[in-house]
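S.K.:
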Amino acid sequence: MERLKSAVPADIRRAVGEGTARDLPSTTSLLLDFFDGVPLFHQVISELTDPELALCRKDKGRAVELKGRGNACFSKREFEQALGFYSQALRYVPISSDGNYEILVPTLYVNRASTMHKLGLLKQCLRDCNRAISVSSNYAKAWYRRGMVNASLKKYSSAIHDLKVALSMEVTSSGKSNIEQELKLILLKHRNVNEVGRSSSDCQDAGLPHTAEPHKVVLECASTPNKGRGMMSLNVISPASLIHVEDPLAAIIIKSCRETHCHYCFSEAPADVVFCPLCTIPVYCSKECQEQAVGDISWNQDTSLEFNSHHLVDNAKLGLTSTRCKTSNSKQIAEHMHECGGAHWAAVLPADIVLAGRVMAQYIDKRLLTGKSSAISGPNLDLVHHYDIDSPTSKLESHIYAIVLLLCLQKYYRSDLSWREESLSQLVLLICQIKVNSIAIVHMKSVDGGQELTESKGYSTASDAVMCSVEQIRVAQAIYMSGSLFNHSCRPNVHTYFHSRTLFLRSTEYIESGSPLELSYGPQAGEMDLLERQKSLQENYKFSCRCSSCSELNLSDLVIDSFCCPRSFCLGAVSESTCYRSEENFVHVSLNGSAVCKLSLPDVSKVDEDMEKVGKLFFRNDDADLKIDPGYCMSCRSQLDLSSVVATLDRAASKINSY
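UniProt numbering puts the first residue of the sequence shown at 1, with every later residue one more than the last.
1. Between the Cα of Gly84 and those of Lys76, Val93, Ser75, Lys67, spot the shortest distance and give me the residue it belongs to.
2. Sort Asp162, Ser500, Lys155, Gly120 by Cα distance to Ser137 and report the nearest one.
3. Give me whichever residues DSSP pairs with Lys445 in a beta bridge.
4. Compare the C-alpha of Met360 against each of Arg367, Pro379, Ile434, Ser238 and name the closest.
5. Which whole runs of the alpha helix (DSSP H) in the region 375 to 437 are 4 residues long or more, in chain order?
6. Whole angstroms is fine: what's the gap from Lys123's alpha carbon to Phe486's?
7. Find the nearest neighbour of Leu571 within the set Ser638, Pro516, Glu512, judged by alpha-carbon distance.
8. At the level of alpha carbons, what is the spacing between Arg14 and Gln538?
9. Please specify which runs of the alpha helix (DSSP H), each continuous and at least 4 residues long, are wholly inside the region 512 to 566, giving them in chain order.
10. Just the C-alpha distance for Asp202 and Asn111, rounded to the nearest angstrom, thanks.
11. In whole angstroms, what is the alpha-carbon distance linking His386 and Ser520?
12. Under a three-way DSSP split, which group does His161 fall into?
13. Keeping to the same chain, check which residues put their C-beta closer than 8 Å to that of Pro225; ignore five residues upstream and five downstream.
14. Applying the 10 Å Cβ sphere with the 16-neighbour rule, what's the burial state of Ser6?
15. Excluding the 5 residues preceding and the 5 following Pro106 in the sequence, name in chain order all residues of the same chain whose CB lies nearer than 7 Å to its CB.
16. Which residue or residues does DSSP assign as beta-bridge partners of Thr231?
17. Check Ser648 in the structure and name its three-state DSSP category.
18. Going by DSSP, name the residue or residues bridged to Ser507.
19. Would you check if the region 266 to 280 and the region 541 to 550 touch, i.e. whether three or more CB-CB distances between them fall below 8 Å?
20. By Cβ distance, which residues of its chain are closer than 6 Å to Leu249, with the 5 residues on each side in sequence left out?
21. Just the Cα atoms here: how many angstroms apart are Val93 and Ala113?
22. Per DSSP, what kind of secondary structure is Phe266 in: helix, strand or coil?
23. On the DSSP bridge assignment, give the partners of Val283 in chain order.
24. Grouping DSSP H, G and I as helix and E and B as strand, with all else coil, what is Cys633?
25. Quick one: complete alpha helix (DSSP H) runs, 4+ long, within the region 127 to 174?
26. Quick one, which of Leu396, Leu406, Tyr510, Ser173 has its alpha-carbon nearest Pro9's?
27. Taking only three categories from DSSP, how would you classify Glu291?
28. Which value, in whole angstroms, describes the spacing of the CA atoms of Ser177 and Ile186?
29. Going straight from the alpha carbon of Asp650 to that of Val149, what length do you get?
30. With a threshold of 8 Å, are at least 3 pairs of Cβ atoms found where one atom belongs to the region 430 to 439 and the other to the region 471 to 478?
31. Can you look up residue 662 in the DSSP assignment and give me helix, strand or coil?
32. Measure the alpha-carbon distance for residue 674 versus Glu552 and round it to whole angstroms.
33. Helix, strand or coil for Glu246 per DSSP?
34. Is it buried or exposed, Asp11, if we count other Cβ atoms within 10 angstroms and call 16 or more buried?
35. Can you tell me whether DSSP reads Asn111 as helix, strand or coil?
36. Taking Val294 as the reference, which of Cys340, Val273, Ser168 has the closest Cα?
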C-alpha cells in the first residue's frame, strides 16, 4: 500500500488529513476519482483479486509433487517429515470434476493416517481414515488402515468389521492374503481380551462440558461524565460470578498463528489438519470448523462439489455450485467464502481490514438471504470510531484500504448488488471502529514439555503430575458488540477469557449494585507504569485513562522500572523519580522530569500489628514519610550512580538488539 500512498498528490492528502467524518463522502470520492486514472492502482487491484495471479490457488501438480516427497520420507522412516509433506499435499489438492479428486484425496488421507499410526497419533489417524472413507467409500486401503488403528486402540469389534469390509473390496491376491492374516490375529485377541474404549469423534471439542450458566446478573448500558457510555450492574455481584457470554460478530486469526492454529475456533491445530477446499490459506482443526467457516460441503457419487444450501450467487470462476451461507434459516454466515477462490487479498491485507471485510460480507449476505437486493451502504455499528482525532496519515490509510477492500468485495459479488455513494464513507468508519473496538482473543499455552493444555482438556493426577509453565498467547482479534461496551480500568473488576471464539466475563471482586463493570484493554497497574499505560491507551484507543489507578500514582509505578538497591541484603528500590513536596498523607512525585503525580501514603494505623511493623521498616520512620530522590534507595537511603548504571543498561540493550 505504500506505493499507492506515495502516489497521492499533496492537495488530496491535505483534504483527507484535515477532513472530519462529515467530509467523508467528498474525500472518499475525491480519492477514488484520482485512483481511477492511475494505472498503478488498477495493477494493485488486479494482483489482489485475479485468481490467475494469486499465490494461494490450488495446484494439482504441486500436490502430486508433495505426495511423492512424502512417500520418499515414509520409505526412509522419516515419519515426521512425511507427515508434513502429506499435509501440504492435501492443502494444494484441487477440487475437480474429472474423478481424480476421488482417487488422490483419499490416498493422501490414508498415507497421512499411516504416518500418524507410526507416530502413535491414533485418534488423529482414525479421523483421517474416516475422511478417506467419506470421500471414497469403496477404497479398500482406507478400511484396512481404519481396522488396524481400531485394533491399536483395542476396539476389536470395530477392527474386525473394518477388515472384513476391506477384504471384500480388495482386488489383489496379495492384498487379500495380508488382510486375512491381520484378521486372524485380531480375532484371536478379541477372544482373549475384553474390549475397551469408545469411538472417537471428528470434532476436537466433542463431549467438552460447557461452562456453567451465567450468574443472574442484570446489566445496563449507562453514560458517565468521565467515561461516557459503559456497562454497569443493577444488582450485587459476588466474586468469580459469570456475568456475560458472547460470540463475536466477526473474528480473524492473526498472521503469526495462521499455520499453527485453527482459523475458526483458534485452538492449536492438530496433526490431522483440515484445509479449505477452495484455497490454500486457512487450516482447520476439524471438519466442523471447516464447515462453519466455508460452508457445509459434501462429495457425491458424481464427483461434484455440493454446498448444503440454496444457490445465491453464480460463482462461475470457481467452477462449482455454492452459496455463502449455510441455510436460509441459519444465523451462521460462512465467514471465509467471500475471501476464497484463489485470490489472495485476504492473505495480504492487514487483519483489521480483513476483519472489516468479514463484517461487511456478513451484512451483505444477510440482506441477500432476506431478499433485500437494493443498494448496499454498509453496516451501521453503534460503536465509537474516533475518526475526527485520527492522524492525517491514519486517515489516508483508512481511505486507501476502504477503496481497495470495496473493490475486492465487488470482484466477488459482481452484479448481485449495487453500491450507494455512502458505501465508501461507511467502510472508512467501519475500519476505524474495528481498530478501536476489536478485542484480542488469547488462549493459554503450556511452554514446557508434556501435553499441551489445549489438547489434554483436563488435569493430571498427583502421581503423574509434571511441572509446567503457562503463558497467554494472542491468537485472533474479534468484534463483540456487547463486550465492546465495557469500559477500561487499569485495576479492573472484570476478567475476560475465551473458550474457542466465545467471550466470557467474570467478576474478580465483590461489586456493589450500580457500580461500573470495567475490564482491562491491556495496560494494568502493576504491569506497566502510569506513563506507559497512558501512552498505550492514547495511541491505541484515543483516550486518557481516568480510572482510580491513574488518578494518582501507585507505588508499583515507582518501583516497576526501578533499580535494585546496591546493598546486597536490602530489598529496596532505587527510582529515577523525584519527590519534591510532602503533605499529610500524600507526596507529589516528578516522573521523568515532566509529569507530576500524587502518591498516597499508606495509613499504617488501620492495619494489624505485623503489617504496621513491615510498613514502618519499609519507610524507615514512624511517620511513614516516603523519601524519593533519584539515585537513592527508598528503604535504606543507599546511593547508586544512576548515570553509570543507565550507561551499562544501554550498552547491554544495544548488544541484545544487535542479535
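Positions of the beta carbon are idealized from the N, C-alpha and C atoms, including for glycine.
M.R.: Working from what's here:
1. Here the question's residue 84 lines up with position 84 in the sequence shown. The option with the nearest alpha carbon to Gly84 is Lys67.
2. As a first step, residue 137 must be located in the sequence shown, where it is residue number 137. If we check each option's Cα against that of Ser137, Asp162 comes out closest.
3. Here the question's residue 445 lines up with position 445 in the sequence shown. Lys445 is bridged to Glu471.
4. By one-based count along the sequence shown, residue 360 stands at place 360. Checked all of Arg367, Pro379, Ile434, Ser238; the closest Cα to Met360 is Pro379.
5. Whole alpha helix (DSSP H) segments, 4+ residues: 392 to 413, 423 to 437.
6. Within the sequence shown, numbered from 1, the residue matching residue 123 stands at position 123. Within the sequence shown, numbered from 1, the residue matching residue 486 stands at position 486. So the alpha carbons of these two residues sit roughly 41 Å apart.
7. For the purposes of this step, residue 571 is taken as the residue at position 571 of the sequence shown. Of the listed residues, the one whose Cα sits closest to Leu571 is Ser638.
8. Here the question's residue 14 lines up with position 14 in the sequence shown. Here the question's residue 538 lines up with position 538 in the sequence shown. Spanning the two alpha carbons is a distance of roughly 24 Å.
9. 530 to 541, 555 to 559
10. Against the sequence shown, residue 202 aligns to sequence position 202. Against the sequence shown, residue 111 aligns to sequence position 111. Below a pLDDT of 50, predicted positions are generally treated as unreliable, and Asp202, at 40, falls in that range; the measurement from the model is reported next regardless. Roughly 18 Å between the two C-alpha positions.
11. As a position in the sequence shown, residue 386 is number 386, starting the count at 1. As a position in the sequence shown, residue 520 is number 520, starting the count at 1. One C-alpha to the other measures close to 19 Å.
12. Within the sequence shown, the letter at position 161 stands for residue 161. Of the three classes helix, strand and coil, the one that applies to His161 here is helix, per DSSP.
13. For the purposes of this step, residue 225 is taken as the residue at position 225 of the sequence shown. Cβ neighbours of Pro225 beyond the five flanking positions: none.
14. Counted from its first residue, the sequence shown places residue 6 at position 6. Its Cβ having fewer than 16 others within 10 Å, Ser6 is exposed.
15. Reading the sequence shown from its first residue, position 106 is the one you call residue 106. The beta carbon of Pro106 sits closer than 7 Å to the beta carbons of Ala132, Val135, Ser136, Tyr139, Ala142 from its chain, once the five residues preceding and following it are set aside; these are given in chain order.
16. Position 231 of the sequence shown, counted from the start, is the residue given in the question as residue 231. Inspection of the sequence shows that residue 231 is occupied by Met rather than by Thr. According to DSSP, which records beta bridges pairwise, Met231 is partnered with Cys221.
17. Within the sequence shown, the letter at position 648 stands for residue 648. The sequence given here has Thr at residue 648, not Ser. Note: Thr648 maps to helix in three-state DSSP.
18. Residue numbering aside, residue 507 sits at position 507 when the sequence shown is read from its first letter. Paired residue(s): Val494.
19. no
20. Position 249 of the sequence shown, counted from the first residue, corresponds to residue 249. Within the same chain, Leu249 has close Cβ partners Ile479, Met481.
21. By one-based count along the sequence shown, residue 93 stands at place 93. By one-based count along the sequence shown, residue 113 stands at place 113. Spanning the two alpha carbons is a distance of roughly 17 Å.
22. Along the sequence shown, one-based indexing puts residue 266 at 266. It is coil, neither helix nor strand.
23. Start at 1 with the first residue of the sequence shown, and residue 283 comes out as number 283. The partner list for Val283 (beta bridge, DSSP) reads Phe275.
24. Translated into positions along the sequence shown, residue 633 becomes position 633. It is a strand residue.
25. 140 to 152, 156 to 169
26. As a position in the sequence shown, residue 9 is number 9, starting the count at 1. For Pro9, the nearest C-alpha among the options comes from Leu396.
27. Locating residue 291 in the sequence shown gives position 291, where the first residue counts as 1. Residue state, collapsed to three classes: helix.
28. For the purposes of this step, residue 177 is taken as residue 177 along the sequence shown, with counting starting at 1. For the purposes of this step, residue 186 is taken as residue 186 along the sequence shown, with counting starting at 1. When rounded, the distance between both Cα atoms is 15 Å.
29. Locating residue 650 in the sequence shown gives position 650, counting from the first residue. Locating residue 149 in the sequence shown gives position 149, counting from the first residue. Distance between the alpha carbons of Asp650 and Val149: 58 Å.
30. yes
31. In the structure as shown, the chain begins at 1 and stops at 659. Residue 662 is therefore absent and cannot be evaluated.
32. Since the displayed the chain opens at 1 and closes at 659, residue 674 lies outside it and no answer follows.
33. Position 246 of the sequence shown, counted from the start, is the residue given in the question as residue 246. Shown here, Glu246 sits in a strand according to DSSP, grouped into three states.
34. Mapped onto the sequence shown, residue 11 falls at position 11. It is exposed - the Cβ of Asp11 has fewer than 16 other Cβ atoms within 10 Å.
35. Walking along the sequence shown from the start, residue 111 turns up at place 111. Here Asn111 sits in helix by DSSP.
36. For the purposes of this step, residue 294 is taken as residue 294 along the sequence shown, with counting starting at 1. It is Cys340.
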